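Numbering (UniProt numbering), first residue to last: 1 to 342.
Just so it is clear, CB atoms sit at the ideal spot from N, CA and C, and this is done for glycine as well.
Remember, it's a predicted structure, so these values are computed and weren't measured experimentally.
Data first, discussion second: the structure below is written as structure tokens.
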């Protein structure tokens with residue numbers, strides 16, 4: 001089988017989540033000098049006789065392993081920080097704590113499953129890895145939407161904020177996110193049976209149709225809609241902040257001006273942090289889900305690996321944004337540093 005035919009076959013197989021995980025790892029390594037050993041696959045038109053051995057390739061697997069360690073460290077740090085510092089236990093930070101727990105699963109579960117799928121390539125493992133990717137991506141965007149709504153209510157309806165955003169309502173939102181996200185991910189199991197889906201088998205027409213519909217719905221609900229909704233919400237918040245700033249300059253009341261300026265400055269920084277988190281989510285996850293629906297045989301194999309690694313980067317950057325950007329988190333980090341110095 002010539003290499004163009006191999007790439008064509010690879011692209012056709014990668015239409016399903018199970019075969020996609022396999023093709024992104026061992027199969028491409030065997031046909032690339034950039035990653036792993038180069039092994040020649042014998043010519044054979046019978047798909048059932050083609051077998052790809054999985055193996056651990058440091059060039060391909062060390063990067064996600066390092067990301068996993070960093071993800072686990074930084075998110076555990078956030079979880080412990082919120083647990084130890086009482087002033088961090090605000091409703092907004094409770095949402096961020098839940099997001100950190102979700103991001104923590106990337107390093108603890110998702111990355112190990114991805115590498116395990118690469119090595120032993122059992123269908124059940126590969127499908128589990130795909131389900132975790134779906135769960136984490138859905139969870140991240142749901143948390144970001146929740147935080148966006150929280151900031152919208154705080155700025156647009158400050159007098160009613162404390163009565164709407166209560167601790168019980170916040171916990172209810174978190175429980176809803178942790179219920180919706182796995183349901184959305186596990187929908188695929190209605191047409192993908194882990195122990196009957198061979199990793200080397202060509203997907204059936206029914207499976208391809210189901211995957212196409214599922215991907216279209218998923219991209220619409222967890223990419224396009226959140227992007228439009230949060231962009232519109234951020235635009236309204238920015239306009240409100242500009243209006244309040246203009247009123248401060250017009251009133252020239254020192255006491256009112258100083259207090260309101262401080263609040264507006266705080267909200268502006270928080271808005272920039274959450275907007276950066278949204279942009280990071282789109283950059284890190286959109287290429288991974290888009291590549292499932294498009295021909296990628298012409299892409300360089302290192303670029304394909306980067307796309308797969310990129311989805312893990314969001315779980316590392318999210319906690320970095322609010323640790324470095326939010327004043328209360330910076331204060332908590334500095335307090336810990338002072339205690340260590342003492």
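Nearest in C-alpha terms to residue 237, of all of 219, 204, 275, is 275. When DSSP states are grouped into helix, strand and coil, residue 300 belongs to the coil group.
Of the other Cβ atoms in all chains shown, fewer than 16 fall within 10 Å of the Cβ of residue 247; this residue is therefore exposed. For residue 144, the enclosing alpha helix (DSSP H) starts and ends at 123-156. Boundaries cannot be given for residue 87, as no alpha helix (DSSP H) includes it and DSSP labels it neither H nor E. Following the DSSP letters along the chain, one finds residue 209 inside the alpha helix (DSSP H) bounded by residues 205-219.
Rounded to the nearest angstrom, the gap between the Cα atoms of residue 319 and residue 102 is 11 Å. In this structure the region 127-135 lies against the region 93-113, because at least three pairs of beta carbons, one per stretch, are closer than 8 Å.
Closest by C-alpha distance to residue 328, out of 89, 69, 301, is 89. Relative to the Cα of residue 96, the nearest Cα in the group 331, 209, 315 belongs to 315.
When only Cα atoms are considered, residue 173 and residue 61 end up about 36 Å apart.
Pairwise C-beta distances place the region 156-175 out of contact with the region 206-224, as fewer than three of them are shorter than 8 Å. Excluding residues up to 5 positions away in sequence, 141, 145 lie with their Cβ nearer than 6 Å to the Cβ of residue 226 in the same chain. The beta carbon of residue 303 sits closer than 6 Å to none of the beta carbons in its chain outside the five residues before and after it. Residue environment: residue 326 is assigned as buried (16 or more neighbouring CB atoms within 10 Å of its CB, all protein chains considered). C-alpha of residue 156 to C-alpha of residue 138: approximately 27 Å in a straight line. The beta carbons of residue 180 and residue 98 sit about 13 Å from each other, so the pair does not count as a contact at 8 Å. Taking C-beta separations shorter than 6 Å and ignoring five residues to either side along the sequence, the partners of residue 267 in its chain run 155, following chain order. By the criterion of a C-beta distance shorter than 7 Å, residue 64 is surrounded in its chain by 111, 114, 115, 309, 312, once the five residues flanking it on both sides are discounted.
Taking every protein chain shown into account, the CB of residue 278 has 16 or more other CB atoms within 10 angstroms, so this residue is buried.
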